[in-house]
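Okay, structure first, notes after.
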Amino acid sequence: MPRVEQDLALAVRKAVRKAQQKKELPRFEVPEVPIERPKSVEWGDYATAVCLASARWAKMAPMDIAAQVVKRFPKTDWLAEITVSHPGYINFTLATGWLQEQVEAILAQGERYSDIDLGQGKRVQVEYGSANPTGPLHMGFGRNVVIGDTLANVLDAAGYQVQREYYVNDAGTQMGLFAESLFARYAQALGEPIQLPEDGYQGEYLACWGQEIAEEHGREFLEAPREQALEALKRIGLEEKVLGSIRADCEALGIRYDNWFHETSLYSEGQFETTMTMLRQRELLEAREGAVWFTASTLNDQLKDEVVIRSSGEPGYFASDIAYHYNKLVERGFDWVIDVWGADHQGHVPRMKAMMGALGLDPDRLTLLIYQLVTIKMGGEDIRLSKRAGTMVELGELTREVGADAVRFNFLSRATESQMEFDVDLAKEQSDRNPVYYVQYAHARIASILREAEARGCSPTGGDVTLLAHPAELALIRKMIELSAVIEKAAVNLAPHHLTYYAQELATLFSLFYRDCRVLPRKTGEPGVTTDKTAARLKLVEAVKIILARTLDLMGMSAPERM
RNA sequence: GCCCCAGUAGCUCAACGGAUAGAGCGCCGGCCUUCUAAGCCGUAGGUUGGGGGUUCGAGUCCCUCCUGGGGCGCCA
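FYI, in this note's numbering the residues of the first sequence are 449 to 1011.
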């Protein structure tokens, strides 16, 4: 895996020091050396503005500093040209030979060519999904699971050891309400005139599940004591119905999990007691108004105190979150924990950070990744989603109608901090023109070329990559080596949306190559392509297939051989 | 009232503090006897919500105002 940016930054730093030793530059502290990709080819493959930033410390014109740095730049075989341009940039152009070698390197290293070692094996847990388990996932949660799953892929590629977790909130009042609602639907299915609780879950899905349970179990739960019946329905509803549907929806979208963590286990295994004791010892708990409070206001006057144990004796959600995160960071010892949360939970972030401090943990070990909520447009109207009111579009339904790859791409192509509108009608209607198909089409075309090559007996074996000198070929190679930088950017900023843009750019460059450079000899007439060039281009095309497939894989999408 | 996020082309959205702000969709016009036309080429479209400031340099950082979304519960 090439680390061009890092090598360049180091070399620039070295050159400045050398020039300073030779008294060609005055002594000054070298600032961070930013390496960027210029927008125009006339500025080379990479550029740095470090001389512009240094000008005020060096008390010299940026152009003059740049000239001195270039003079002392260490010799390398992978750079062809180093130039200076106004108002003081240093521009670097990669050697053609080095670029061509990367094709061989990609073929040799395969899909892991672009992986980096940013994480150095650190153990990170990404928790995503984790909706209240009281019904099927709605569309809005698609954004949550797609961001989380893709981020996990990216961090894995960036050298972290990743665990993917779903937190099942199977304790608390919402579950109780769910059980009562399900009981009512079950009873109604058997002809009993039992009303839904006032704040109960109204969704159609509960009526279906009630019906199913009535068919499977008959009047069993009507005859049982109410408490016992509610417990049984809660268990059946949660394990069989809710989690069953969530697992199915995730699977349909290609969302993977390594672990499903049940909230109730925090109580049954003593985790909850342990953390409460810790907080008590640190004098952060206070009994007041019949409840027990976490006195966050003593830690930070921006914060309000928070109830941890309600006057009913039941722990509140914040209490279980403390225990849960203690479990992740201390008991299970993850170096870093990332929770993917919707913007409706943002108010919870400062409390969680304060809680980390209260437990004596470094707050940076916990990242709360907040994504802005999705607004749904259907039939030209904005729809408000509410599971309890039953107005929802189910994620599974969306996946069936629009297709998993298109759904993922749609949710993925926006930065997490920007609001997005999902126009369901447009997504269905335009599924053929969705950019995801553009990327997949490029992959399918490559597969087609390779099939055709085999049928005609053309082979890449012995292909000489130094024949790959056409501008379209070199542009493709340049884009391929960029994937490492994209993975890094996505991992550092927790911004998986960069992948979608990269994928489109790579596909575009392949399309241009396809237009300008024939791979296989023409069947009839001339001019054709020499055998040498065919072999070299087959190597290039195979490499592109690897990088494109890897990019699609990181986004959790399929790389079709035919379309 | 206080806190968080956003405001960029007709629409949906990009842009590590860097050079001339970019894509897709949509509009209009071209290109299939040749490896997949789900493709390619061309045209049009912008005072980056308004106003100040910091900086060699601001869509990006700071202040302020306006607009939209979210939060401020013994729900999660």
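By construction, the Cβ of each residue, glycine as well, lies at the ideal position given by its N, Cα and C atoms.
Exercise for review: Please confirm whether Ala-938 and Val-602 have their CB atoms less than 8 Å apart.
Suggested key: yes
Check your understanding: So is Gln-867 buried or exposed if we call it buried at 16+ other beta carbons inside 10 Å?
Key -> exposed
Check your understanding: Between the beta-carbon of Leu-727 and the beta-carbon of Tyr-772, is there less than 8 Å?
Key -> no
Point to revise | Delimiting residues of the beta strand (DSSP E) encompassing Arg-926 | key: Counting along the chain, Arg-926 falls outside any beta strand (DSSP E), though it belongs to the alpha helix (DSSP H) covering 919-929.
Practice item. Return the chain-ordered list of same chain residues with a C-beta closer than 7 Å to the C-beta of Gly-567, the five sequence neighbours on each side being excluded. Key: Leu-603, Ala-606, Gly-607 and Tyr-608
Exercise for review: Pick helix, strand or coil for Phe-961, following the three-state DSSP scheme.
Suggested key: helix
Check your understanding: Going by beta carbon distance, what residues of the same chain come within less than 7 Å of His-946, once the five residues before and after it are set aside?
Key -> Val-934, Lys-937 and Ala-938
**Study point:** Gly-702 to Leu-1002 span [Cα, whole Å]
**Key:** 11 Å
**Study point:** Cα-Cα separation between Ala-672 and Gly-738, rounded to whole angstroms
**Key:** 34 Å
Exercise for review: Would you mind giving the Cβ-Cβ distance between Ala-619 and Thr-722, rounded to the nearest angstrom? I have them listed as a contact below 8 Å.
Suggested key: Going by Cβ atoms, the distance from Ala-619 to Thr-722 rounds to 17 Å, so no, they are not a contact pair.
Point to revise | Sufficient close CB pairs (3 or more, under 8 Å) joining the stretch 983-1001 to the stretch 574-584 | key: no
Check your understanding: Using the C-alpha atoms, what's the distance from Leu-542 back to Thr-978?
Key -> 27 Å
Check your understanding: If you draw a straight line from the C-alpha of Tyr-774 to the C-alpha of Trp-708, how long is it?
Key -> 17 Å
Exercise for review: For Trp-505, I'd like the list of residues in its chain whose CB is within less than 7 Å of its CB, leaving aside the five on either flank, ordered along the chain.
Suggested key: Phe-476 and Glu-477
Practice item. Output the residue ranges of the alpha helix (DSSP H) runs that lie fully inside the stretch 627-691 and measure 4 residues or longer, sorted by chain position. Key: 652-665, 668-671 and 674-683
Point to revise | Integer Cβ distance of Val-532 from Met-511, believed to fall under 8 Å | key: 6 Å
Check your understanding: Within this structure, are the beta carbons of Met-826 and Val-788 separated by less than 8 Å?
Key -> no
**Study point:** Residue environment, Tyr-949, which counts as buried when at least 16 other CB atoms sit within 10 Å
**Key:** exposed
Practice item. Just tell me which of Ala-951, Arg-695 and Glu-734 has its CA closest to the CA of Tyr-615. Key: Arg-695
Review point. Do the stretch 593-600 and the stretch 626-637 touch if we need at least three Cβ pairs shorter than 8 Å?
Key: no
**Study point:** Contact between the stretch 676-693 and the stretch 642-652 (3+ Cβ pairs under 8 Å)
**Key:** no
Exercise for review: Please state if the CB of Leu-996 and the CB of Ala-923 are separated by a distance shorter than 8 Å.
Suggested key: no
Check your understanding: Under a three-way DSSP split, which group does Glu-842 fall into?
Key -> strand
Check your understanding: Among all the DSSP beta bridges, which residues are the ones paired with Gln-609?
Key -> Arg-571
Practice item. Could you spell out the range, first to last residue, of the alpha helix (DSSP H) harbouring Phe-859? Key: 852-860
Review point. If you draw a straight line from the alpha carbon of Thr-909 to that of Glu-552, how long is it in whole angstroms?
Key: 11 Å
**Study point:** Unbroken stretches of the alpha helix (DSSP H), 4 residues or longer, contained in the stretch 449-493
**Key:** 452-469
Point to revise | Ile-818 - partner residues in DSSP beta bridges | key: Trp-789
Exercise for review: Starting from the Cα of Gln-1083, find the closest Cα among Tyr-705, Arg-465 and Ile-818 and give me that residue.
Suggested key: Shown here, the chain extends from 449 to 1011; a query on residue 1083 therefore has no answer.
Point to revise | CA-to-CA distance, Ser-768 to Glu-453, given in whole angstroms | key: 44 Å
**Study point:** Residues bridged to Ile-448 [DSSP beta-bridge criterion]
**Key:** With the chain represented from 449 up to 1011, any question about residue 448 goes unanswered, as that position is not in the structure.
Practice item. Would you check whether the ligand ZN has a heavy atom nearer than 7 Å to the C-beta of Arg-856? Key: The ligand content of the structure shown is nil, which means the ligand ZN is not present either.
Point to revise | Between the CA atoms of Asp-880 and Thr-544 - distance to the nearest angstrom | key: 38 Å
Check your understanding: If you draw a straight line from the C-alpha of Ser-1006 to the C-alpha of Leu-1000, how long is it?
Key -> 6 Å
Check your understanding: For Arg-704, which of helix, strand or coil comes out of DSSP?
Key -> coil
Exercise for review: Would you identify the three-state DSSP class for Ser-760, choosing helix, strand or coil?
Suggested key: coil
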